[in-house]
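Trainee: Numbering (our numbering), first residue to last: 7 to 191.
Beta carbons: idealized from backbone N, C-alpha and C, even for Gly.
Pasting a structure below so you can have a look.
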Amino acid sequence: MSELLVDLIDDLKKTNSGHILYHYDQIDCYLQNAVTYIVAGVENGGHVMFVENDRNLPHIKKELDKHLSKAECARVHFANNFDFYYSNGNFNPETVINYFIKNVQPYLESGAAVFTWGLVEWGNVKEYIPKIEEYEKKLDKMVPEKGIISLCAYDNKSTPDELKERLKRCHGVLITDREYKYLQN
7 MSELLVDLID DLKKTNSGHI LYHYDQIDCY LQNAVTYIVA GVENGGHVMF VENDRNLPHI
67 KKELDKHLSK AECARVHFAN NFDFYYSNGN FNPETVINYF IKNVQPYLES GAAVFTWGLV
127 EWGNVKEYIP KIEEYEKKLD KMVPEKGIIS LCAYDNKSTP DELKERLKRC HGVLITDREY
187 KYLQN
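Dropping the structure here:
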């Protein structure tokens, strides 16, 4: 998928935005794609806001050190996904969107391209389905307005079918560990 992911990013740059849904199955593919996404964002002159869990971050940072200079690494901004999505103590779509905008605004104002990656993980996901959908709809509206390429990652095995269907309606592209396709919104 890595080369395909680079091709997808190049394609989305032509429209100056994109909202990508990533349903991953294999953690090794996920980690490789995460590194590829970050490197592609930086190589395209952008800043990357990378929202990830603490289990995966050490591996990703280690791999990035092999591909990026110190100056390039300075354009990658990491956030813990639990802290990011629960910035107000609970998951509130409006609060998370505002927190998101606050974090990317300085890079947008500088004229840099902005790439974001968010790993979305939940305990009892069924109770969050309406809030996740609300958040993703707000993000889907904001991404083209701000000129951002944004990827939202979900573990395919732990995402209920009901949520998968709702998420497809909130994203322009669906990727898996091995392929991608454009969705009809």
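(1) Going by the CB atoms, is the gap between Phe97 and Tyr134 shorter than 8 Å?
(2) Can you grab the Cα-Cα spacing for the pair Asp13 / Thr42, in whole Å?
(3) What is the rounded straight-line gap between the Cα of Met7 and the Cα of Arg184?
(4) Please look up how many angstroms separate the CB atoms of Leu10 and His177, rounded, as I've assumed it's under 8 Å.
(5) Could you give the distance in angstroms between the alpha-carbon of Tyr36 and the alpha-carbon of Lys137?
(6) For the beta strand (DSSP E) that contains Tyr141, what are its first and last residues?
(7) Suppose contacts are defined by Cβ-Cβ distances below 8 Å. Is Val126 in contact with Val110 by that definition?
(8) Taking just the CA atoms, how far does Phe90 sit from His25?
Mentor: On the basis of the coordinates in this document:
(1) Result yes, Cβ atoms of Tyr134 and Phe97 sit closer than 8 Å.
(2) Rounded to the nearest angstrom, the two C-alpha atoms are 11 Å apart.
(3) Between Met7 and Arg184, the alpha-carbon positions lie close to 5 Å from each other.
(4) Taking the Cβ atoms as the reference, Leu10 lies roughly 17 Å from His177, outside the contact range of under 8 Å.
(5) A straight line joining the alpha-carbon of Tyr36 with that of Lys137 spans about 25 Å.
(6) Note, Tyr141: premise wrong, no beta strand (DSSP E); alpha helix (DSSP H) at 135-152.
(7) When the beta-carbon positions are compared, Val126 and Val110 stay at least 8 Å from each other.
(8) If I take the Cα positions, the gap works out to 18 Å.
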